[in-house]
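Scroll down for the structure; my scribbles are underneath it.
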Amino acid sequence: MSSSESPETSEKSQIDSGELRRWRIRQLDIPTQLLRLLVLITGLLIWQYELIFKGVPITVFGFEPLPEINSIFYAVPTDVWVYLADYYHELMFWKDLWVTLQEAIWGFVIGGSTGFIVGIVLGYFLRLQKIFGPFLVFANAVPKIAFAPILILWYGVDMGSKIALATIIVFFIVQMPTTAAVGLVDPDLNMLATTMGATKSQLFKKVVIPGIMPAVFGALRLAAIYAMLSVVFGEFIASKRGLGQRLLVSTNMFNMADAFALMLVLAIVALALNGVIGLAERRVLKWQTTRRGGQVISL
Amino acid sequence: MTTPSVELKNVSLIFGDGDPRNENVTAVDNTSLEIPTGQFVAIVGPSGCGKTTILNMLAGLIKPTLGSVKRNGQEVEGPSRDIGYMLARSALSPWRTAKQNVELGLEIRGMTKQERSKKSLELLSQLRLEGFADSYPSMLSQGMQQRVAIARTLAIDPDLWLLDEPFGALDAQTRLTVQSEFISLWESNPGKTVIFVTHDLEEAVLLADRVIVMTARPGKIKSDTTVPIPRPRIVDELKFDPVFTETEHKIWKELRDELV
Chain A
13 MSSSESPETS EKSQIDSGEL RRWRIRQLDI PTQLLRLLVL ITGLLIWQYE LIFKGVPITV
73 FGFEPLPEIN SIFYAVPTDV WVYLADYYHE LMFWKDLWVT LQEAIWGFVI GGSTGFIVGI
133 VLGYFLRLQK IFGPFLVFAN AVPKIAFAPI LILWYGVDMG SKIALATIIV FFIVQMPTTA
193 AVGLVDPDLN MLATTMGATK SQLFKKVVIP GIMPAVFGAL RLAAIYAMLS VVFGEFIASK
253 RGLGQRLLVS TNMFNMADAF ALMLVLAIVA LALNGVIGLA ERRVLKWQTT RRGGQVISL
Chain B
120 MTTPSVELKN VSLIFGDGDP RNENVTAVDN TSLEIPTGQF VAIVGPSGCG KTTILNMLAG
180 LIKPTLGSVK RNGQEVEGPS RDIGYMLARS ALSPWRTAKQ NVELGLEIRG MTKQERSKKS
240 LELLSQLRLE GFADSYPSML SQGMQQRVAI ARTLAIDPDL WLLDEPFGAL DAQTRLTVQS
300 EFISLWESNP GKTVIFVTHD LEEAVLLADR VIVMTARPGK IKSDTTVPIP RPRIVDELKF
360 DPVFTETEHK IWKELRDELV
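Protein chains in written order, with the numbering used here: chain A, 13 to 311; chain B, 120 to 379.
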């Protein structure tokens, strides 16, 4: 048969070590890394030297997108860094972080698992999908952030109300794509497994579940970010503890360095949650990783 | 007389969408066909002539509107585990390695891991894919993917092989290789009945013992020709055999009128 079909087996045995080293260096893609660093440094310098906050005289249809901002309403990186470095020693910061993290994780876990289960059930049982579909579409159409004040009345100012808000938001983010993915499972795979005599539960385990995993993981990554977003918003409305509550207090007191530092922390926490899911995805979707040449595309 | 492997008696299949304003489509019209065990039959015909529908009825995926479909003397009631079905699209599970794909049918019937592994590695090596057992389908060429699909079909050791244009998506060169690998696999497995649907007459005559020509919709059997070429067959040499050309020409005259 044509040799072009088996390049891997023939070449694997005779790898040149110099070639391998050069390949690894190429994989690092140093020019891109350097340019990234340059972009980061430029950004930090623009921020540090207040090149934009001092106002840029551009007018777009009579509107000034970059007005001069009063220096008490922002902080520069060096000031922000002072606060960031200080958090390490501050017990209250860790307590607030722990509260926000717990709220986000519980909301993610409860909303994600119910969204996954309901998503599968509706995808699988078309009659149920037809019956409940319009109600879910309607419920999803409500701007869910609008539930926040009501949830605080129902569940109190502590963690419960934030967990409830995150649960509702995460539920829809996971349920909708899961239901859609069940309907999009390759009909050829289904048919072939059926001709092989697969039972309903075998079809489910061997065709449906693995088939929807890429969509589910995509949704979960998005859901992790939105779980953080919803708990921070919930804390803005009313709360005793949490990073969002602290951020609101800092902003109200014009302590901008603290506020900026907290935003940075929130972003890092959201990315960390996203990363944990990315690791799970890498394991479960190994076949996709290989297809993309060893890269898992992250959000 | 022994029971035929496959027996269609006055089978009609009419598709309707339930809307009384729409006309129903007759895919297969009053067709009878008997195939003895161990025969390799090719069905050719224009697209939409009901070739695939016949396979689907035999696989138990759809029921005939009229008439009876029997396998080994038994009415077909639903999918059965001794049928191997193969499509033009390899339809491999992208999340399974080549080896795991071959093992799908074996897992379904609850074979132990060791037995599965033995069987799948054996088949992969017969199809010259030993080095690719742990590769995912996306890393394999089309020809290799289709060979994995052949291995998956044969792993469950079916006694009826239903093949729906299995090599239709391959380029001419790869197709020739896969065809000859396939035919030698079949020739070394006596007693397996094959129904091979194709639009490629040359392929039908090269591989089959018997070629059935179907008419354009509604599908009916137009002619039924025995291919007088002995086995084992060397596919890439056969094309230049006068008996081959003669048979192909004879069937072509039947088929030509159906292709518009």
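Beta carbons are placed, not taken as given, at the ideal position from N, Cα and C, and that holds for glycine. Quick caveat, the model's predicted, so the values are computed rather than measured.
Check, Outcome
"Neighbouring residues, chain B, relative to residue 290 of chain A (Cβ below 7 angstroms)", "The premise fails here: residue 290 of chain A is roughly 18 angstroms from chain B at the closest Cβ pair, so nothing lies under 7 angstroms."
"Exposure label - residue 118 of chain A; buried when at least 16 CB within 10 Å", "buried"
"7 angstroms Cβ cutoff met for residue 240 of chain B and residue 274 of chain B", "no"
"C-beta neighbour in chain B for residue 207 of chain A, strict 7 angstroms", "yes"
"Local Cβ density within 10 Å of residue 140 of chain B, reported as buried at 16 or more and exposed below that", "exposed"
"Sub-7 angstroms separation of residue 64 of chain A and residue 78 of chain A beta-carbons", "yes"
"7 angstroms Cβ cutoff, residue 280 of chain B in contact with chain A", "no"
"Member of B:216, B:197, B:325 whose CA lies at the smallest distance from the CA of residue 345 of chain B", "B:325"
"Residue 192 of chain A - partner residues in DSSP beta bridges", "Looking at the DSSP assignment, residue 192 of chain A forms no beta bridge with any residue, so it has no partner."
"Cβ pair residue 207 of chain B, residue 284 of chain B closer than 7 angstroms", "yes"
"Buried or exposed (CB count within 10 angstroms, at least 16 for buried), residue 104 of chain A", "exposed"
"Which of helix, strand or coil DSSP assigns to residue 213 of chain A", "helix"
"Per-residue contacts from residue 235 of chain B into chain A (C-beta, under 7 angstroms)", "Simply none; closest approach about 13 angstroms."
"Other residues of its chain near residue 159 of chain B: CB distance less than 6 angstroms, five sequence neighbours each side excluded", "313, 327, 328"
"Inter-stretch contact at 8 angstroms, needing at least 3 Cβ pairs: the segment 157–173 of chain A / the segment 237–254 of chain A", "yes"
"Simplified DSSP state of residue 333 of chain B, which is helix, strand or coil", "strand"
"Secondary structure of residue 97 of chain A, DSSP reduced to three states", "helix"
"For residue 344 of chain B, the first and last residue of its enclosing beta strand (DSSP E)", "340–345"
"Span separating the alpha-carbon of residue 137 of chain B from that of residue 171 of chain B", "22 angstroms"
"Contact under 7 angstroms by Cβ, residue 221 of chain B with residue 271 of chain B", "yes"
"With 16 other Cβ atoms within 10 Å as the buried cut-off, status of residue 212 of chain A", "exposed"
"Strand pairing of residue 315 of chain B, partner residues [DSSP]", "B:161, B:282"
"Simplified DSSP state of residue 192 of chain B, which is helix, strand or coil", "coil"
"Chain B within 7 angstroms of residue 4 of chain A, Cβ atoms only", "The structure shown does not extend to residue 4 of chain A, since chain A is modelled only from 13 through 311, so no value can be given for it."
"CB of residue 41 of chain A within 7 angstroms of CB of residue 253 of chain A, strictly", "no"
"Presumed contact (8 angstroms Cβ cut-off) between residue 259 of chain A and residue 275 of chain A, rounded CB distance", "7 angstroms"
"Proximal chain B residues relative to residue 218 of chain A, where beta-carbon distance stays under 8 angstroms", "212, 223, 226, 227"
"Of the listed residues A:206, A:225, A:28, nearest to residue 226 of chain B (C-alpha basis)", "A:206"
"Under 7 angstroms by beta carbon: chain B residues contacting residue 210 of chain A", "227"
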